[in-house]
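Structure record follows, encoded as structure tokens.
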Amino acid sequence: MSFNSRHISKAGARIMEQLAHPTPGVARKRELEALRAVPSFLRPDLPRVMDPAKRYRTPQEWLFMPGDRVVIMRGPCRGNIAVVREHDRNTNGYLLDESGPQRTVVVPREFWQEGQESHVVAMPQALRRQDLRLVAEIESPQDDGKLRTVAVDNVMFEGEYYDKWYRRKMPYRCVFGQRDLVIPWPRPEPQETGTLGTDPGVAREQSFWVDSLVRGPIPSAALATVRNPHSKYRRGKLTPRDIKRLVAPEMPAMPAMRQRKNSSQHKKQMITDEDIELIGSRVQQFLESQTTTTPK
1 MSFNSRHISK AGARIMEQLA HPTPGVARKR ELEALRAVPS FLRPDLPRVM
51 DPAKRYRTPQ EWLFMPGDRV VIMRGPCRGN IAVVREHDRN TNGYLLDESG
101 PQRTVVVPRE FWQEGQESHV VAMPQALRRQ DLRLVAEIES PQDDGKLRTV
151 AVDNVMFEGE YYDKWYRRKM PYRCVFGQRD LVIPWPRPEP QETGTLGTDP
201 GVAREQSFWV DSLVRGPIPS AALATVRNPH SKYRRGKLTP RDIKRLVAPE
251 MPAMPAMRQR KNSSQHKKQM ITDEDIELIG SRVQQFLESQ TTTTPK
């Protein structure tokens, strides 16, 4: 949240800056004051994480996913093995099943759930990550490879793979210091398809194809209903009016150029054998006349 302190005094700008960026003590005091207006059965067990960047998002940050078995290390339920049911994303906490810690609260009738018959209800308490240890079944080399339930002090993540149940890439969860001991992720509970939802089998069916020169967006059988079959652009013929528009007009020519063009279009006469003999005789007569008139 930011404030425009251009039109206020320096003291006012300093106060507005303190309100926008409170110290941890002031932020905690505000949270306690806000919790006073919240009913006891809705109050969180752990302090709220005010900075969104510090809230857990990825499996590497949570370490334990819903369905994992964990052992409680602190508190009145220390030593109990419980199952993680839900993540409290506002406090980075874990809500366990009936084997975990619970608190008794009084719920008003307007907040009763379906099937509830009493005002007093036991609600699970959220636990922190450092209060839990992962429980897994690992093969024991001392007992000929039999599975033993052990508590893992710490885990590490190596590589990634695509998990078909989570439908995304998940890291390999291994025992810290032993990469060959991989602890699989729990299978999430199947979610029922809602009234307005689509069944996964139907969603995986291909119902869209990219348009291309081979596959057009309109089926060939439907082209007659989309295009006008009597359109002049579909006949493949040109009318005199179209030709007049497409052909450029001829430029007017001068009379001399017109006469030259007409003369060039006349047919050339072919010389016959009689014409050749006539020309030859005339040339011979000319040559003979020249020889007779030459002085000796």
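Here our numbering is used: the first residue of the sequence shown is 1, the next is one more, and so on. By construction, the Cβ of each residue, glycine as well, lies at the ideal position given by its N, Cα and C atoms. All of these numbers come straight from a predicted model, not from anything done at the bench.
Opposing strand residues paired with residue i [DSSP bridges]
i      : result
Arg133 : Val71
Asp88  : Gly93
Met251 : BP columns for Met251 are empty, so no partner.
Glu139 : Leu147
Met65  : According to DSSP, Met65 bridges with nothing at all.
Leu287 : Partner(s): none; Leu287 has no beta bridge.
Gln178 : Val175
Asp275 : For Asp275, which the question treats as bridged, DSSP gives no partner whatsoever.
Glu205 : BP columns for Glu205 are empty, so no partner.
Spatial neighbours of residue i in its chain, beta-carbon cut-off 8 Å, leaving aside the 5 residues before and after
i      : result
Val155 : Leu63, Leu134, Arg173, Cys174, Val175, Phe176 and Ile183
Leu181 : Ile138, Cys174 and Val175
Asp131 : Ile72, Met73, Arg74 and Gly75
Through-space distance from residue j to residue i, alpha-carbon basis
i      : j      : result
Lys169 : Phe111 : 39 Å
Thr58  : Asp143 : 36 Å
Val49  : Thr198 : 35 Å
Val121 : Val152 : 33 Å
Leu246 : Thr239 : 11 Å
Glu160 : Gln60  : 11 Å
Asn80  : Asp88  : 20 Å
Asp211 : Pro200 : 25 Å
Gln18  : Gly93  : 29 Å
Leu127 : Val83  : 12 Å
Gln206 : Asp68  : 35 Å
Gly65  : Arg30  : Reading off the sequence, residue 65 comes out as Met, not Gly. Cα to Cα, Met65 sits roughly 31 Å from Arg30.
Ser118 : Ala13  : 53 Å
Ile276 : Arg282 : 10 Å
Leu287 : Asn262 : 39 Å
His230 : Trp209 : 31 Å
Asp273 : Gln285 : 18 Å
Cβ-based neighbour list, residue i, same chain, cut-off 7 Å, excluding 5 preceding and 5 following
i      : result
Thr149 : Val135 and Glu137
Ile218 : Val226
Reduced DSSP secondary structure (H/G/I, E/B, other) of residue i
i      : result
Asp153 : coil
Asp242 : helix
Glu98  : coil
Met257 : helix
Ser2   : Because the pLDDT of Ser2 is 49, which lies under 50, any placement of that residue in the model is unreliable, and the question is left without a value.
Ala122 : strand
Other residues of its chain near residue i: CB distance less than 6 Å, five sequence neighbours each side excluded
i      : result
Leu46  : Thr91, Gly93 and Ala126
Gln178 : none
Integer Cβ distance of residue i from residue j, believed to fall under 8 Å
i      : j      : result
Val105 : Met123 : 6 Å
Pro44  : Cys77  : The pair is not a contact, with the Cβ atoms about 18 Å apart (cut-off 8 Å).
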